[in-house]
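Chemist: Residue numbers (this note's numbering): 1 to 321. No residue lacks a Cβ here, since even glycine has one placed at the ideal position from N, Cα and C.
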Ligand SMILES: CC(C)(COP(=O)(O)OP(=O)(O)OC[C@H]1O[C@@H](n2cnc3c(N)ncnc32)[C@H](O)[C@@H]1OP(=O)(O)O)[C@@H](O)C(=O)NCCC(=O)NCCS
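1. Run through DSSP, which three-state label would residue 204 get?
2. When you compare only the Cα positions, how much space is there between residue 137 and residue 300?
3. Which runs of the alpha helix (DSSP H) fall wholly inside the stretch 64-119 and span at least 4 residues, in chain order?
4. Considering only heavy atoms of ligand 1, does any lie closer than 7 Å to the CB of residue 326?
5. May I ask which residues mark the beginning and end of the beta strand (DSSP E) holding residue 260?
6. How would you write the range of the alpha helix (DSSP H) that residue 21 sits in, first residue to last?
7. Among residues of its own chain, excluding the 5 on either side of residue 282, which ones have a beta-carbon nearer than 8 Å to its beta-carbon?
8. Kindly indicate if chain D contains any beta-carbon less than 8 Å away from that of residue 60.
9. Would you mind sorting residue 88 into buried or exposed? The rule is 16 or more other CB atoms within 10 Å of its CB.
10. Taking 7 Å as the cut-off, is the beta-carbon of residue 100 closer than that to any non-hydrogen atom of ligand 1?
11. Would DSSP call residue 153 helix, strand or coil?
12. Would you report the Cα separation of residue 7 and residue 67, rounded to the nearest angstrom?
13. Between which two residues does the beta strand (DSSP E) containing residue 278 stretch?
14. When the Cβ atoms of the stretch 49-57 are set against those of the stretch 270-279, are three or more pairs found closer than 8 Å?
15. With three or more beta-carbon pairs closer than 8 Å as the criterion, would you say the stretch 29-43 touches the stretch 287-306?
16. Work out the CA separation of residue 95 and residue 1 for me, nearest whole Å.
17. Helix, strand or coil for residue 123? Go by DSSP, reduced to three states.
18. Could you check whether residue 318 and residue 148 sit closer than 8 Å to each other, using their CB atoms as the reference points?
19. Using the Cα positions of residue 181 and residue 49, report the straight-line distance between them to the nearest angstrom.
20. By Cβ distance, which residues of its chain are closer than 7 Å to residue 112, with the 5 residues on each side in sequence left out?
21. Using the beta-carbon count (16 or more within 10 Å), is residue 302 buried or exposed?
22. In this structure, does DSSP put residue 210 in helix, strand or coil?
23. What are the complete beta strand (DSSP E) segments, minimum 3 residues, inside the stretch 218-245?
24. Got a sec? Which residues, its chain only, sit under 6 Å from residue 178 by beta carbon, not counting five neighbours each side?
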């Protein structure tokens, strides 16, 4: 380790101290998003709300690396009993390749000792991949990050509608916020299925807990963190066969997230995915905060050809080169 690294101090962050928590979130986000176009990061309000109401059984580790009192890197880890630990480590660009990331990783491992069997991390850069491999991690799944410019070009919406082949007997139901009571059972069933079905490479999905009570609790947490849930369910013959969801954050509506889309295996290839996405983009138009947004961001696995084709048809382009 270089001499500068011996002056680096790694200290835990108290998640109940709003200033310390905000400073931690800032440095973590700056390290992760340095040099990236239009990349989302959790706002301070969302981060404060997340730690104000922590999941009861979750262990969270928050660390900051500082040099002469200035924060230069940070790490965060969350682990729910029985699930893989989700770890984030970042170092500001001016302080990289001096062992700070390695020191943060060692401190995370120490804090998680005995609490997790598998560690998962997401990275968006070559440096991150090289670093993770140097840490002895292996590549589990690779995704493209895609961006769609907002406000939506009316031609995009028209094009999506026109391109959507008429799907006989398919009805799409949309809503914003909490799921309507009459749909919540279907929503629970399908979102559970998503956990088993979506191409995720080798990654481990957390155990499914998508029962109705869990869904209601999650809706409340998301709302407290500023999220408007924009969702659509597709039905055929009274059976729910697919869904899609978009998240808009009222604290930071600039980047909207297009999250999961699932069509039941038995009903794929009939245009249901496109019908769902078209309906939900229209649903999004009704969210007031979306008026101030500049991009919709989504991630699609490199080998998920149908979803990549669908996203491109909707107008998404690849970000991050
Ligand atoms: C990944 C990141 C945290 C590394 O921080 P760092 O302080 O530069 O890492 P270290 O100096 O401890 O690097 C340790 C080893 O990782 C590998 N590594 C790190 N960055 C690398 C790069 N840009 N190219 C090639 N190898 C790299 C090297 O093997 C390095 O050892 P060496 O410098 O002796 O060759 C930093 O680049 C970053 O913040 N990136 C954005 C966030 C991110 O992707 N996090 C990864 C989550 S797993």
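Modeler: In brief:
1. The predicted position of residue 204 is uncertain, since its pLDDT is 46 and thus under 50; a value taken from the coordinates is nonetheless stated next. DSSP places residue 204 in coil when its eight states are reduced to three.
2. Whole-angstrom Cα-Cα distance: 21 Å.
3. The qualifying runs are 100-112.
4. Not covered by the structure: residue 326. The range shown for the chain is 1 to 321.
5. The continuous beta strand (DSSP E) containing residue 260 extends over residues 255-263.
6. Residue 21: member of the alpha helix (DSSP H) spanning 18-33, first to last residue.
7. Annotation for residue 282: 157 and 174 place their beta carbon closer than 8 Å to its own, counting only its chain and skipping 5 residues before and after.
8. Protein chains in the displayed structure number just one, and chain D is not present.
9. Note on residue 88: 16 or more other CB atoms within 10 angstroms of its CB, so buried under the neighbour-count rule.
10. In this structure, residue 100 has its CB closer than 7 Å to one or more heavy atoms of ligand 1.
11. In this structure, residue 153 counts as coil in the three-state DSSP scheme.
12. Near 6 Å, if we compare the C-alpha coordinates of residue 67 and residue 7.
13. Residue 278 -> not in any beta strand (DSSP E); alpha helix (DSSP H) instead, spanning 272-285.
14. Contact between the stretch 49-57 and the stretch 270-279 is absent: fewer than three C-beta pairs spanning the two stretches fall below 8 Å.
15. The stretch 29-43, when compared against the stretch 287-306, does touch it at the 8 Å Cβ threshold.
16. At residue 1 the pLDDT is 43, less than 50, meaning the model places this residue with poor confidence; the figure from the coordinates comes in the next sentence. Distance between residue 1 and residue 95, taken at the CA atoms: about 13 Å.
17. Correct three-state label for residue 123: coil.
18. When the beta-carbon positions are compared, residue 148 and residue 318 stay at least 8 Å from each other.
19. So the two alpha carbons sit approximately 26 Å from each other.
20. Hits under 7 Å: 61, 77, 79 and 85.
21. With fewer than 16 other Cβ atoms inside 10 Å of its own Cβ, residue 302 counts as exposed.
22. Note on residue 210: pLDDT 48, under 50, position unreliable in the model; the coordinate value appears next. Secondary structure of residue 210 (DSSP, three-state): coil.
23. DSSP runs (the beta strand (DSSP E)) wholly in the stretch 218-245: 227-236.
24. Cβ neighbours of residue 178 within its own chain (closer than 6 Å, five residues either side excluded): 219.
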